[in-house]
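Working notes, beginning with the structure itself.
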Amino acid sequence: MSSSEAVPLEVSSAAPVPQVSVAARRDRPSAGWALLGSELSVLFRRWRTWAMLAALAAVPILIAVAVRVTGRGRGPAFLDQITSNGLFVAFTALVVCVPLFLPLTIGVVAGDTIAGEASHGTLRYLVIAPAGRLRLLAVKYAGCAAFCIAAALTVAIAGAAIGAILFPIGPVTLLSGSVVSVGDAAVRLLLIALYIVVSLLGMCAIGLFLSTLTDVPVGAMAATAVLAVVSQVLDQLPQLDALHPWLFSHYWLGFADFLRAPLVWDSFVSNAVLQAGYVAVFGALAVGRFLSKDILS
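Numbering-wise (the working numbering), the sequence shown opens with residue 58 and increments by one.
Below, the structure is given as structure tokens:
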């Protein structure tokens with residue numbers, strides 16, 4: 058047989074090249090982690106985020122400087138003990154920030170989660186990306202929770218740092234009268250920061266839901282912050298005693314239990330259960346609203 062009569066090799070016998078469907082690519086878990094990384098990167102590269110963290114850090118600094126200059130410590134809880142132990146700057150700053158400053162910043166971040174994307178015209182591109190609507194909601198909520206951690210740690214660390222600079226640091230006398238070492242007090246400070254993070258998770262879910270209702274982020278931000286104020290006002294009315302345990306701000310200041318010996322976890326558990334309920338209810342509302350929402354922007 059001549060070379061011209063040779064039959065080419067059959068390519069049909071070769072193993073088929075595996076094809077990855079579009080649906081399979083969309084279901085890859087890596088898409089969710091990539092979206093979460095992108096969300097955190099965008100969140101913590103914004104000037105607004107760093108401005109809010111700087112404002113929170115300024116609170117303990119102002120408290121410490123005021124006490125240092127005046128030499129007087131009358132006011133919020135723990136303020137009278139700052140001059141004898143600088144660690145109480147952090148405790149005092151957390152007490153001051155929990156009712157207003159922390160909810161205000163969380164309201165800004167939570168209210169901007171979905172409405173902010175809609176106002177910038179990027180929401181429709183995100184929902185058709187490999188993430189999908191449910192994963193997008195989960196990532197947005199995770200980003201808001203990450204900001205809660207950053208905010209609480211900012212206040213605690215800034216307070217401890219400025220307290221160590223301006224005042225002596227030593228063993229801490231707890232509310233129960235026991236004296237603990239600086240290391241033990243630092244651990245309790247971190248536990249208080251964790252308590253505050255858990256306290257704000259329910260508010261994050263509320264803000265996420267409100268953000269799905271509008272394309273105007275300022276409206277969702279304001280509504281979230283106003284609800285935090287209203288909840289605290291209602292919690293102060295004795296006529297509404299039966300309602301108090303159901304308010305998401307009811308246990309916000311219960312972290313004083315971490316300044317007793319031995320540690321008391323009752324308030325933390327009650328707070329965690331309450332916040333989990335708010336996350337479940339408003340998370341479900343956000344999912345229901347977002348899945349049925351016509352996205353035009």
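Here a beta-carbon is modelled for each residue, glycine too, at the ideal position from N, C-alpha and C.
Is the separation between the beta-carbon of residue i and that of residue j shorter than 7 Å?
| i | j | result |
| --- | --- | --- |
| residue 158 | residue 263 | no |
| residue 146 | residue 121 | yes |
| residue 150 | residue 117 | yes |
| residue 249 | residue 312 | yes |
| residue 200 | residue 97 | yes |
| residue 314 | residue 176 | no |
| residue 304 | residue 327 | no |
Applying the criterion that 16 or more other CB atoms from any shown protein chain within 10 Å of the CB defines a buried residue, is residue i buried or exposed?
| i | result |
| --- | --- |
| residue 307 | buried |
| residue 348 | exposed |
| residue 94 | exposed |
| residue 335 | buried |
| residue 192 | buried |
| residue 80 | Reliability of the predicted coordinates at residue 80 is poor, the pLDDT of 45 falling under 50, and no value is obtained from them. |
| residue 351 | exposed |
| residue 299 | exposed |
| residue 128 | exposed |
| residue 229 | buried |
| residue 253 | buried |
| residue 341 | exposed |
So who's on the other strand from residue i, going by DSSP bridges?
| i | result |
| --- | --- |
| residue 237 | 229 |
By Cβ distance, which residues of its chain are closer than 6 Å to residue i, with the 5 residues on each side in sequence left out?
| i | result |
| --- | --- |
| residue 329 | 255 |
| residue 309 | 155 and 256 |
Note down, in chain order, each residue of its chain lying with its Cβ closer than 8 Å to the Cβ of residue i, except the 5 sequence neighbours on either side.
| i | result |
| --- | --- |
| residue 247 | 213 |
| residue 225 | 141, 142 and 143 |
| residue 346 | 266, 269 and 270 |
| residue 12 | The requested residue 12 does not occur in the structure, where the chain is confined to residues 58 to 354. |
Can you give me the Cβ contacts of residue i inside the same chain, cut-off strictly under 7 Å, excluding the 5 residues immediately before and after it?
| i | result |
| --- | --- |
| residue 293 | none |
| residue 231 | 237, 316, 317 and 318 |
| residue 285 | 160, 164, 260 and 306 |
| residue 162 | 109, 113 and 208 |
* To do: Would you check if there are 3 or more beta carbon pairs closer than 8 Å linking the stretch 155–175 to the stretch 263–282?
  => yes
* Counting pairs of beta carbons, one from the stretch 150–164 and one from the stretch 199–214, are three or more of them closer than 8 Å? -> yes
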